[in-house]
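Chemist: Per numbering that gives the first Met the number 0, the sequence shown starts with residue 0, numbered consecutively. Every residue, glycine too, gets a C-beta built ideally from N, C-alpha and C.
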Amino acid sequence: MIRPAVVADRTAVEDLVHAAYAPWIEVTGVQPLPMVADYAELIGAGQVWVFDPVEGLIVLVPEDGVLLIENVAVSPAAQGRGLGRCLLAFAEDQARALGLSTLRLYTNEKMTSNIAFYERLGYVATERENINGRHAVHMRKPLPPA
Numbered sequence: 000m001i002r003p004a005v006v007a008d009r010t011a012v013e014d015l016v017h018a019a020y021a022p023w024i025e026v027t028g029v030q031p032l033p034m035v036a037d038y039a040e041l042i043g044a045g046q047v048w049v050f051d052p053v054e055g056l057i058v059l060v061p062e063d064g065v066l067l068i069e070n071v072a073v074s075p076a077a078q079g080r081g082l083g084r085c086l087l088a089f090a091e092d093q094a095r096a097l098g099l100s101t102l103r104l105y106t107n108e109k110m111t112s113n114i115a116f117y118e119r120l121g122y123v124a125t126e127r128e129n130i131n132g133r134h135a136v137h138m139r140k141p142l143p144p145a
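Set out below in structure tokens:
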């Protein structure tokens, strides 16, 4: 079950994000942005959704005509069970419920396995950008009508 995160989830959310992204520090040479996000603020804004129990999460930020997937993280112990796909399908449902026709996300260009995963799910790279010394690949996925 995916549900909105609550204040009591903050520590579990932060622990999950750190565990999920820690292996990428060596690959990218920097701490991934999700590791430095303010989860108290994101949870308070209703932008964090978690599996219950907290084995995976997604941060969704509605924008003008687009739903930004700010972060998708799955606990290392739960990886390989399809939770990431489930969270991304949930994002599509949320976008449709909000009347938004497109999803967008960005990831570090050195996270090539993530980029390939998103491409398999229909995301297309649209631009590259330097964000605080991190080289990001922006990706979009238009949603077909439900």
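DSSP three-state call for E126: helix, strand or coil?
Modeler: Strand, per DSSP.
Chemist: Identify every residue that forms a DSSP beta bridge with W48.
Modeler: Its beta-bridge partners are P3, I57.
Chemist: Around the C-beta of P52, are 16 or more other C-beta atoms found within 10 angstroms, so that it is buried, or is it exposed?
Modeler: Label assigned to P52: exposed.
Chemist: In the structure shown, what three-state DSSP assignment does A36 receive?
Modeler: Coil, per DSSP.
Chemist: Among D14, A44, G43, whose alpha-carbon lies nearest the alpha-carbon of P33?
Modeler: Nearest C-alpha to P33: D14.
Chemist: Which residue from P144, L56, T125, Q78 puts its Cα closest to that of R95?
Modeler: Looking at the Cα atoms, P144 is the closest of the given residues.
Chemist: Nearest CA to the CA of A135: which residue from A7, A76, E69, A88?
Modeler: Per the Cα distances, E69.
Chemist: With P22 as the anchor, note down where its alpha helix (DSSP H) starts and where it stops.
Modeler: Segment 9-27, the alpha helix (DSSP H) holding P22.
Chemist: Between the segment 4-19 and the segment 54-74, can you find at least three pairs of beta-carbon atoms closer than 8 Å?
Modeler: Contact holds: three or more Cβ-Cβ distances are below 8 Å.
Chemist: Look at G132 and V5 and say whether their C-beta atoms are less than 8 Å apart.
Modeler: Contact: no.
Chemist: Near L41, what residues of its chain come up, given a Cβ to Cβ distance below 7 Å and the 5 sequence neighbours on each side ignored?
Modeler: Excluding positions up to five away in sequence, the list reads V47, V58.
Chemist: If you check the beta carbons only, do L99 and G121 fall under 8 Å apart?
Modeler: No, they are not a contact pair.
Chemist: Report the rounded CA-to-CA distance for L87 versus R139, giving the unit in angstroms.
Modeler: Approximately 12 Å between the Cα atoms of the pair.
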